[in-house]
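In terms of our numbering, the sequence shown opens at residue 146 and continues consecutively.
Glycine residues also receive a C-beta, built at the ideal position from the N, C-alpha and C atoms.
Remarks on the structure that follows.
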Amino acid sequence: MSKTLVIVESPAKAKTIGKFLGKNYIVKASLGHIRDLPKSQFGVDVENDFEVKYITIRGKGEILQELRSATKKASKILLAPDPDREGEAIAWHLLHSLKLEQNEKCRIQFNEITKDAIKEAVKKPRQIEMSRVESQQARRVLDRLVGYNLSPLLWRKVKKGLSAGRVQSVAVRLICEREEEITDFVPEEYWSLEAYFNITKDNTIKAKLSKKLGKKIEIKNEEEMNIILKEIKDSKYIVEDVKKKLKNRKPVPPFITSNLQQEAYRKLNFTAKKTMRVAQELYEGIEVGKEGAVGLITYLRSDSVRVSESAQKEAAEYIEQKYGPKYTPEKPPIYKTKSKAQDAHEAIRPTSVLREPSEIKGFLSRDQFKLYDLIWKRFIASQMTEALIEQTSVIINADQYEFRASGSVIVFKGFMEIYIESEDEKQEKEEPLASIDTGQQLKLHQLDPKQHFTQPVARFSEATLIKTLEEKGIGRPSTYAPILSTILSRGYVVKEEKQFYPTELGIVVINLLKEYFKDIINTEFTANLEENLDKVEEGNIYWKDVLRDFYEPFSKRLEVAENAISKIEIRDEVSEEVCDKCGSNFVIKFGRYGKFLACPSFPDCRNTKPLLEEIGTICPLCKKGQVVIRRSKKGRKFFGCSDYPECEFISWDKPTEDICPNCNNYLVERENKQGKRRLCSNKECNYEHKINKEEQN
Numbered sequence: 146m147s148k149t150l151v152i153v154e155s156p157a158k159a160k161t162i163g164k165f166l167g168k169n170y171i172v173k174a175s176l177g178h179i180r181d182l183p184k185s186q187f188g189v190d191v192e193n194d195f196e197v198k199y200i201t202i203r204g205k206g207e208i209l210q211e212l213r214s215a216t217k218k219a220s221k222i223l224l225a226p227d228p229d230r231e232g233e234a235i236a237w238h239l240l241h242s243l244k245l246e247q248n249e250k251c252r253i254q255f256n257e258i259t260k261d262a263i264k265e266a267v268k269k270p271r272q273i274e275m276s277r278v279e280s281q282q283a284r285r286v287l288d289r290l291v292g293y294n295l296s297p298l299l300w301r302k303v304k305k306g307l308s309a310g311r312v313q314s315v316a317v318r319l320i321c322e323r324e325e326e327i328t329d330f331v332p333e334e335y336w337s338l339e340a341y342f343n344i345t346k347d348n349t350i351k352a353k354l355s356k357k358l359g360k361k362i363e364i365k366n367e368e369e370m371n372i373i374l375k376e377i378k379d380s381k382y383i384v385e386d387v388k389k390k391l392k393n394r395k396p397v398p399p400f401i402t403s404n405l406q407q408e409a410y411r412k413l414n415f416t417a418k419k420t421m422r423v424a425q426e427l428y429e430g431i432e433v434g435k436e437g438a439v440g441l442i443t444y445l446r447s448d449s450v451r452v453s454e455s456a457q458k459e460a461a462e463y464i465e466q467k468y469g470p471k472y473t474p475e476k477p478p479i480y481k482t483k484s485k486a487q488d489a490h491e492a493i494r495p496t497s498v499l500r501e502p503s504e505i506k507g508f509l510s511r512d513q514f515k516l517y518d519l520i521w522k523r524f525i526a527s528q529m530t531e532a533l534i535e536q537t538s539v540i541i542n543a544d545q546y547e548f549r550a551s552g553s554v555i556v557f558k559g560f561m562e563i564y565i566e567s568e569d570e571k572q573e574k575e576e577p578l579a580s581i582d583t584g585q586q587l588k589l590h591q592l593d594p595k596q597h598f599t600q601p602v603a604r605f606s607e608a609t610l611i612k613t614l615e616e617k618g619i620g621r622p623s624t625y626a627p628i629l630s631t632i633l634s635r636g637y638v639v640k641e642e643k644q645f646y647p648t649e650l651g652i653v654v655i656n657l658l659k660e661y662f663k664d665i666i667n668t669e670f671t672a673n674l675e676e677n678l679d680k681v682e683e684g685n686i687y688w689k690d691v692l693r694d695f696y697e698p699f700s701k702r703l704e705v706a707e708n709a710i711s712k713i714e715i716r717d718e719v720s721e722e723v724c725d726k727c728g729s730n731f732v733i734k735f736g737r738y739g740k741f742l743a744c745p746s747f748p749d750c751r752n753t754k755p756l757l758e759e760i761g762t763i764c765p766l767c768k769k770g771q772v773v774i775r776r777s778k779k780g781r782k783f784f785g786c787s788d789y790p791e792c793e794f795i796s797w798d799k800p801t802e803d804i805c806p807n808c809n810n811y812l813v814e815r816e817n818k819q820g821k822r823r824l825c826s827n828k829e830c831n832y833e834h835k836i837n838k839e840e841q842n
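Right, here's the structure in full:
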């Protein structure tokens, strides 16, 4: 009997799909792209209307030969890479490499790897959509035009080995400009006044000074605060108004790629790269007991919140059975996808809500379970009824001054029974107010004046940088994780305490690009280019028109920059530590995992050493050496003694010189989404102290 050959991207996906299709199908994996632009050549003939040269990727020869042999034995070939532009391009390259007919209906796609979805897909093969291929091809060529022209310029003018990417440079610019903003920030003093009132023996109300004579009050210094305290000293505190209102809180939509990466970062401490790797494993298929290999989530690269009717129906039935009719909306909720989204796929959701995380936990790795649990809960919550929250606001008069207090209580949890978005978690900690009545005179317990200083905007974390890139229309779902990995690996930024800092190299390169190639790293220009790529996919713009419009002004700027830019020398910071091999003073360099010491006599002397950055704490073990920051082989930061190997002290948490009041062991500092806290280093002691903002400052 003749067989059908199905070609997918990965062996894991091939294994899962092969199980669904049975013995009449052969399923092979291409391991991603088969063809690409050559690495050692430009590969784009700009003089010949951007004619592109593709070659078989080095190391893919055997795989291609295996696929060609399989096509000779098959009566039908189906190409099934991922259902996005990149997947469409892989299918097109396979079509050419395997010498299939251009108009052949050989392309199949599916949003989830389940038996029904696969069997339905093989019934509906289509021709390859060239508009999607051309959109991907235009992006690839644009990146090549920028990278292979700008990088040599940077080698000649700044430093050998540098590279400049079209989208990555914009991300570095955002980080550099944020750092500039922080450096230039001038803090301003301001004060606040909180009043605490005794209502009953066990209940107090905290209210904040908000107005004077009906106008919003701003207290700029201690002198102004002392005047207010003097004026308010003998005042009576009368409850002027108590308002209660019920507010409906809608559930958040199911995940798209960008907010999955953000939420996994906040809730699970996953990097964007890790989130996408684990999500790919869940999408391609996991062995789940008797059920065998099955894809647990829908396609992981999506910018749409759309959900299929069948998935909504299954979710509604599950919610009604598990939680009751109060938690099931009368009509399935409909969420609006952002206007600039491609809307090519459904939202990221479980392929079946009946696979509860707790039921399949034993078949998943720790990371797979965490991410699946997050995706499952978010989707179930998105299909549930709204929460009902009672909010109370109280106005308290003290002569010409007005204090305000607020509180809330959840009347009906609704979707919050399952899931609360990380950004909303702080709001849910607001406690209900004690019961008071209008006209009631309150007994003042304490006035608490506090000095504050305005704070600069925070540095970007992975979550906030992805959010900014998405808001500005820079990149697409599949590009966020590679952007972050690239800017770190190139040494333009470093990540410390989960925040991005630009390196001196990054600042020099961005300043140079801003002066001579302002459009290339302009956020609006980059976003418009992304929109044009979308229009190519929609068939509204010819892909080479996009390249022509870009390259003509770009090539002119290259000529100007080549003649105008003088050689820029970035001097390495010289350390006091001497190289033990040649006697030169080590210089400080930036590597993939931060700063390190290197001999300036390279390549004659290749000696390097880790840079021991002291944290200002004496080693709690030997009481002699300093605690220094070290890096594991994977780049993870830990703390050790400067006298290693004589002293073998190590700690993943930052040691402090503070002593535990319970057991006299040293305290360590730890930070998570709830903030910073100090804990006892003795695991048998439960001492813990939360560090407030004033203590941090």
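{"Asked": "Give a yes or no on contact between the region 171-183 and the region 151-163, applying the rule of three or more CB pairs nearer than 8 Å.", "Found": "yes"}
{"Asked": "Quick one: is N842 buried, meaning 16 or more other Cβ sit within 10 Å of its Cβ, or exposed?", "Found": "Per-residue confidence for N842 stands at a pLDDT of 48, beneath the threshold of 50, marking its modelled position as unreliable; the derived number appears in the next sentence. Classification for N842: exposed."}
{"Asked": "Taking the straight line between their C-alpha atoms, what separation do you get for R277 and C744?", "Found": "50 Å"}
{"Asked": "Buried or exposed: where does N404 fall if 16 or more other Cβ atoms within 10 Å of its Cβ makes it buried?", "Found": "buried"}
{"Asked": "Using DSSP bridges, identify the partner residues of V498.", "Found": "Paired residue(s): none; V498 is not in a bridge."}
{"Asked": "What does the alpha-carbon distance come out to for the pair P332 and T599?", "Found": "5 Å"}
{"Asked": "Contact defined as beta carbons within less than 8 Å: I believe I258 pairs with I171. What is the distance between those atoms, to the nearest angstrom?", "Found": "Contact doesn't hold; Cβ gap of about 17 Å is too wide."}
{"Asked": "Of all the options N708, V654, E814, N730, which has the alpha carbon lying nearest to the alpha carbon of K305?", "Found": "V654"}
{"Asked": "Quick one: what does DSSP say G785 is sitting in, helix, strand or coil?", "Found": "strand"}
{"Asked": "Is the Cβ of E669 closer than 8 Å to any Cβ of chain D?", "Found": "As a matter of chain content, chain D is missing from the structure shown, which is built from one protein chain."}
{"Asked": "How big is the Cα-Cα spacing for G483 and L509?", "Found": "Residue identity check: residue 483 is Lys in the sequence provided, not Gly. Taking the straight line joining both Cα atoms gives about 33 Å."}
{"Asked": "Could you give the distance in angstroms between the alpha-carbon of T801 and the alpha-carbon of L756?", "Found": "21 Å"}
{"Asked": "Given the structure, does V732 come close to the ligand MG, in the sense that its CB is under 7 Å from one of the ligand's heavy atoms?", "Found": "Although the ligand MG was asked about, the structure shown includes no ligands whatsoever."}
{"Asked": "Compute the beta-carbon to beta-carbon distance between A236 and R252, rounded to the nearest angstrom, for a pair I have assumed lies under 8 Å.", "Found": "5 Å"}
{"Asked": "So, with DSSP's three-state summary, where would you put N842?", "Found": "Note that N842 scores 48 on pLDDT, short of 50, meaning its location in the model is unreliable; the coordinates nonetheless yield the value given after this. N842: coil per DSSP, three-state reduction."}
{"Asked": "Closest to Y564 by C-alpha separation, out of E816, L703, M529, would be which residue?", "Found": "M529"}
{"Asked": "If we call anything under 8 Å between Cβ atoms a contact, is R523 one with S355?", "Found": "no"}
{"Asked": "Does the beta-carbon distance from A283 to V681 come in below 8 Å?", "Found": "yes"}
{"Asked": "When the Cα atoms are used, what is the spatial distance from I581 to P474?", "Found": "35 Å"}
{"Asked": "Do Y832 and N809 have their beta-carbon atoms positioned less than 8 Å apart in this structure?", "Found": "no"}
{"Asked": "By how many angstroms is the C-alpha of R311 removed from the C-alpha of E714?", "Found": "24 Å"}
{"Asked": "For V554 versus V384, is the C-beta spacing smaller than 8 Å?", "Found": "no"}
{"Asked": "I need the straight-line Cα distance from A456 to K506, nearest angstrom please.", "Found": "22 Å"}
{"Asked": "Going by alpha carbons, who is nearest to R776 out of I520, W797, K205, C764?", "Found": "W797"}
{"Asked": "Output the boundary residues of the beta strand (DSSP E) element that contains S720.", "Found": "718-723"}
{"Asked": "Per DSSP, what kind of secondary structure is Q457 in: helix, strand or coil?", "Found": "helix"}
{"Asked": "Name the residue from V191, A266, D229, T496 whose alpha carbon lies nearest to the alpha carbon of M275.", "Found": "D229"}
{"Asked": "Under 7 Å Cβ to Cβ from N677, same chain only, skipping five residues before and after it: list those, please.", "Found": "I686, V691"}
{"Asked": "Would you list the residues sitting across from E334 in a DSSP beta bridge?", "Found": "F598"}
{"Asked": "Starting from the Cα of K612, find the closest Cα among Y480, D448, G469, E758 and give me that residue.", "Found": "D448"}
{"Asked": "Which residue or residues does DSSP assign as beta-bridge partners of Y811?", "Found": "I804"}
{"Asked": "At what residue ranges does the region 600-647 contain a whole run of the beta strand (DSSP E), taking only runs of 3 or more?", "Found": "638-641, 644-647"}
{"Asked": "Quickly, what does DSSP pair E833 with across the bridge? List them, please.", "Found": "L824"}
{"Asked": "Are the CB atoms of Y335 and I364 nearer to each other than 8 Å?", "Found": "yes"}
{"Asked": "Any idea what DSSP makes of I666, helix, strand or coil?", "Found": "coil"}
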